[in-house]
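Sequence order for the protein chains is A and B.
Under this note's numbering, the first sequence has 313 at position 313, and the numbering climbs by one with no breaks.
Under this note's numbering, the second sequence has 1030 at position 30, and the numbering climbs by one with no breaks.
Glycine included, C-beta positions come from ideal geometry on N, C-alpha and C.
There are 2 protein chains.
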Amino acid sequence: MRVIYEQMFQEFNRVLLKNGFSMEKAQVCARIFTENSRDGVYSHGLNSFPSFILSLQKGTIDISSQPVKVEAFGAMERWDAKYGPGMINATFAMNRAVELAKENGIGCVALKNSNHWMRGATYGWQAADSGCVGLCWTTALPAIPPWGGKEAKLGNNPIVFSIPREGGHVVLDIAISQFSYGKMRTYQLNNEMLPMNGGYDTEGNLTNDPGKILESRLALPIGYWKGAGLALVIDLISMVLSGGRCVSELGKQETEHGISQVFTAFDLSRLPGHSEMSERINQVLDDFHDTELLDGFDRVRYPGEGTSHMRKENMEKGIPVVESIWNQVLAL
Amino acid sequence: MRVIYEQMFQEFNRVLLKNGFSMEKAQVCARIFTENSRDGVYSHGLNSFPSFILSLQKGTIDISSQPVKVEAFGAMERWDAKYGPGMINATFAMNRAVELAKENGIGCVALKNSNHWMRGATYGWQAADSGCVGLCWTTALPAIPPWGGKEAKLGNNPIVFSIPREGGHVVLDIAISQFSYGKMRTYQLNNEMLPMNGGYDTEGNLTNDPGKILESRLALPIGYWKGAGLALVIDLISMVLSGGRCVSELGKQETEHGISQVFTAFDLSRLPGHSEMSERINQVLDDFHDTELLDGFDRVRYPGEGTSHMRKENMEKGIPVVESIWNQVLAL
């Protein structure tokens, strides 16, 4: 079953308004949930919407609050998100980083007391749509052990890089774990092993059995010791820049809320040679695509390439939905 | 055999002066080579020094040139390194990024036409010594295939994050490949297999045989598709910010020279709560260390922890040297 973009947006908007969101905030959240499904990231689109609405009842999201500026030093600002909806805060923060970049060449907003931003790529696309290179990351609940350890101490902190390009931005959105827990659940439901080790079993052995990793809750970071290090530095930088919570503090809470994030934008529009840059980016991507392939692959894709294709297809044909979840939303 | 810091520094300085370096530039290069060995990164310290001197004869490094400012927009600047020595350029660029950060909260220098910076962590420590969070990366020769491809298209572009901390900064310095070629050569010389897959053989099969990877020159990126994406975005961002060469252009040259790099600093010294931050960082690191261990590990280490220990030991006992290489330097 497919639902057209406008209809999905209107349904999300309706439910958010019914749940007390202001018109402006409902529109931002409805747009992001719809865009996530439109881009093929259903897990952070329609499929997350009912649980997002349910989570409002926990009281960890304050739908009425606005981010408040805490400190400003030229091109760097600290904001307190005051526990507002994560998507609203992140959109606001990246927008502010872009404004600072347009004034100063580069801009950075460090945010504390925010909530789950759903899909990181959203804010990468946002920066690129404004003609900026975007770099942002978020902290998250402990889910990854230090290299050599077998307790979850490090956040599966996603990091996002984006480069604007006519015809489709390049946007990399990666969490620190090799596989997301959602992806591992899918493998488990299909009775399949992961194509490579994705975490540890409860004994501390590396395994590609998704069920064992879902039991231990110990995901393997990309690059083993390297990803573990990356998770730690993202946590520390988020804490020192924002003044907000670190990952171990999040781990002491019952739910993931009040998280720290950093948004950086680099303005390209005033750099000389800007107009030729799209051509140079295309040359890099042409060279990237022009590779002999491994068996089993029919092409290689740059980060964001699949998104651009999926977006076009879903705008033309409608957005695929799991019918039961769509009906759940209609009934909200 | 061990050599004390001051003696090693003076020998490097002598050889550099003899090879036409100015007093100021000789001191910077001699210091960095000595510090790299002092910190235990011998591959980028003493062990690289003779080949660095040899490379001066190729004419791809112009030891007399100075970086020149090309564009300035507030907190963001573009500099042309004019093919000067990479260590001098990188030290200059991070210093300038820190100056911009002290004025604007955040500062960024994009550098084109530079040369090999030796060890990335050097510039992370430098930013942290100035009270800044540092973030920098460099491009490098193609050495990694896109995910699904079997031709080296992507640079093994190292990325560095640093967080200042009393008692020893946290500094992560990671290349994109799971193992460096130097490390793989060491395994090969010892007739050992890598502890996990580190690249492809010439047929395109993943392997942990270092000899086969050294033959194919196809290293495996951290996190498979994730690291490949990371290598690509670092290349693109370096190119669009600096206006300099991309990785595929480097690959068409006979040697790695004229590379693009980005240096970003985030000033912490004016942020409120700065004085308590070291305490909070220590709490995070205490929690990190307080983990049950996997078999075969006696502790977990944060990025930079080993460096701090090694630095202390080598300053006390002298810096270990391979005697033949040390004698080579004495004879230069």
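With a cut-off of 8 Å on Cβ pairs, the segment 110-120 of chain A is in contact with the segment 87-94 of chain A, counting three or more such pairs. Contact between Ala1265 of chain B and Met1118 of chain B is absent: CB atoms are separated by about 20 Å, not below the 8 Å threshold. According to DSSP, Glu1316 of chain B shares a beta bridge with no other residue. Restricting attention to beta strand (DSSP E) runs no shorter than 3 residues, the segment 200-287 of chain A encloses them at 259-267, ordered along the chain.
Per DSSP, reduced to three states, the secondary structure at Thr291 of chain A is coil, with no helix or strand assignment. Note on geometry: alpha-carbon atoms of Val1240 of chain B and Leu214 of chain A lie some 41 Å from one another. Interface with chain A (8 Å Cβ-Cβ cutoff): Gln1178 of chain B is included. Contact between Thr1139 of chain B and Asp1062 of chain B is absent: CB atoms are separated by about 19 Å, not below the 8 Å threshold. For Lys69 of chain A, DSSP records a beta bridge to A:Trp79. Distance between Glu1151 of chain B and Ile1259 of chain B, taken at the CA atoms: about 21 Å. Look at Ile1259 of chain B: its C-beta is not under 8 Å from any C-beta on chain A. Within chain A, the residues Gly105, Ile106, Phe266 have their CB atoms less than 8 Å from the CB of Cys1108 of chain B, given in chain order. For Met239 of chain A, the closest Cβ of chain B is nearer than 8 Å. Per the Cβ contact rule, the segment 1017-1029 of chain B is not in contact with the segment 1094-1105 of chain B (fewer than 3 Cβ pairs under 8 Å). Those residues of the segment 61-82 of chain A placed with their C-beta closer than 9 Å to a C-beta in chain B are Val70, Glu71, Ala72, Phe73, Gly74, Ala75, Met76, Glu77, Arg78, ordered along the chain. With respect to Trp137 of chain A, Pro158 of chain A sits close: the two C-beta atoms are nearer than 8 Å. Rounded to whole angstroms, the gap between the alpha carbons of Ile176 of chain A and Leu230 of chain A is 8 Å.
Here Arg1031 of chain B carries a helix assignment [DSSP, helix/strand/coil]. Between Val1329 of chain B and Glu1011 of chain B a beta carbon distance of about 6 Å is seen, short of the 8 Å cut, so the two are scored as contacting. Think of a sphere of 7 Å around the beta carbon of Trp147 of chain A: the chain B residues whose beta carbon falls inside it are Val1300, in chain order.
Between the alpha carbons of His1274 of chain B and Pro67 of chain A lies a distance of about 22 Å.
No Cβ-Cβ contact shorter than 8 Å links Thr1202 of chain B with Ser1180 of chain B. Annotated as proximal: Arg1078 of chain B and Gly1243 of chain B, with beta-carbon spacing under 8 Å. Those residues of the segment 141-170 of chain A placed with their C-beta closer than 7 Å to a C-beta in chain B are Pro145, Pro146, Trp147, Gly148, Gly149, Lys150, Glu151, Lys153, Phe161, Ile163, Val170, ordered along the chain. Under the DSSP assignment, Phe1009 of chain B falls in the alpha helix (DSSP H) whose first and last residues are 1005-1018. A distance of 8 Å or more separates the beta carbons of Gly1107 of chain B and Val1171 of chain B. Sequence-ordered contacts of the segment 1272-1293 of chain B with chain A read Pro1272, Gly1273, Met1277, Arg1280, Ile1281, Val1284, Asp1287, Phe1288, Thr1291, Glu1292, Leu1293 [C-beta pairs closer than 7 Å]. Using a CB distance cut-off of 8 Å, Arg270 of chain A counts as an interface residue toward chain B.
Chain B has no Cβ within less than 8 Å of the Cβ of Gly131 of chain A. In the structure shown, the three-state DSSP call for Val1041 of chain B is coil. Linking Pro272 of chain A to Phe1073 of chain B through their CA atoms gives a straight-line distance of about 11 Å. Taking a contact to require three or more Cβ pairs closer than 8 Å, the segment 2-18 of chain A and the segment 310-330 of chain A qualify as touching. Contact between Val300 of chain A and Gly1149 of chain B holds: CB atoms are separated by about 5 Å, below the 8 Å threshold. Annotation: Ala1219 of chain B to Asp298 of chain A spans about 21 Å, alpha carbon to alpha carbon.
For Asn113 of chain A, the three-state secondary structure derived from DSSP is strand. Short of 6 Å from the beta carbon of Gly1211 of chain B, and not among the five residues preceding or following it, lie these beta carbons of its own chain, in chain order: Gln1188.
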